[in-house]
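In this note's numbering, the protein residues as written are 30 to 212.
Dropping the structure here:
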């Protein structure tokens, strides 16, 4: 039987809210926000893309994409593809790549960064949804990271006065380059 990882029952598990909140919060640091051009939507997509790929493949019964979407080869290939598609414009490829790299950092050490060059053993879960719920309800690390993620998002909401859905969507769609021009 092949072994596939959907989430880590034995290692540290970090879930979607934390994956999205951490890079957004880092890019709210005033020095970084002023100096680094980024696109929030691409950053958010990048921060959850590796899990969207591997979970989708697992739910479709096609194995796990973890050996692909959680690797440095995936990061480099996706950066090159987006850079080519966007004809050398770097803000979206850079933001997407930074989001993915944050995701990989938050998943360390339980990811196959150097697959296929280093062999990794994957755990197969027949029912990943119930495993995820079990982990969310019983693993204090997961509960702490997701609670921190919610707190980080609340900080971002208050710091940027995002008190309506319209403001939240505008915040997500705009890059900080647009904000610099308006300031």
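The C-beta atom is built at its ideal place from N, Cα and C for all residues, glycine as well.
field: For residue 164, the three-state DSSP class (helix, strand or coil)
entry: The DSSP-derived three-state label of residue 164 is helix.
message: I'd like to know whether the C-beta atoms of residue 125 and residue 133 end up nearer to each other than 8 Å.
response: No, Cβ-Cβ distance for residue 125 and residue 133 is not below 8 Å.
task: Would you mind working out which of 46, 58 and 69 sits nearest residue 197, comparing C-alpha positions?
output: Looking only at 46, 58 and 69, the smallest Cα-Cα distance to residue 197 is reached by 69.
query: Which whole-angstrom value is the C-beta distance of residue 128 and residue 52, which I expect to be below 8 Å?
result: Contact holds; Cβ gap of about 6 Å.
message: DSSP three-state label for residue 204, please.
response: Strand at residue 204.
query: Looking at the structure shown, is residue 123 part of a helix, part of a strand, or coil, going by DSSP?
result: Looking at residue 123 - three-state DSSP - the assignment turns out to be helix.
message: To the nearest angstrom, how far is the alpha carbon of residue 188 from that of residue 90?
response: For the pair residue 188 and residue 90, the Cα-to-Cα distance works out to about 42 Å.
query: According to DSSP, which residues form a beta bridge with residue 68?
result: Beta-bridge pairing by DSSP links residue 68 to 204.
- request: State the DSSP-derived secondary structure class of residue 85, mapped to helix, strand or coil.
  value: The DSSP-derived three-state label of residue 85 is helix.
- prompt: Are residue 67 and residue 56 closer than 8 Å when you measure CB to CB?
  reply: Result yes, Cβ atoms of residue 67 and residue 56 sit closer than 8 Å.
task: Measuring alpha carbon to alpha carbon, tell me which of 179, 112 and 81 ends up nearest residue 97.
output: Here the closest residue by C-alpha is 81.
- prompt: To the nearest angstrom, how far is it from the Cα of residue 172 to the Cα of residue 165?
  reply: Rounded to whole angstroms, residue 172 to residue 165 spans 6 Å at the Cα level.
field: Distance, residue 109 Cα to residue 186 Cα
entry: One Cα belongs to residue 186, the other to residue 109, and the distance between them is close to 33 Å.
field: residue 145 - DSSP class collapsed to helix/strand/coil
entry: Coil.
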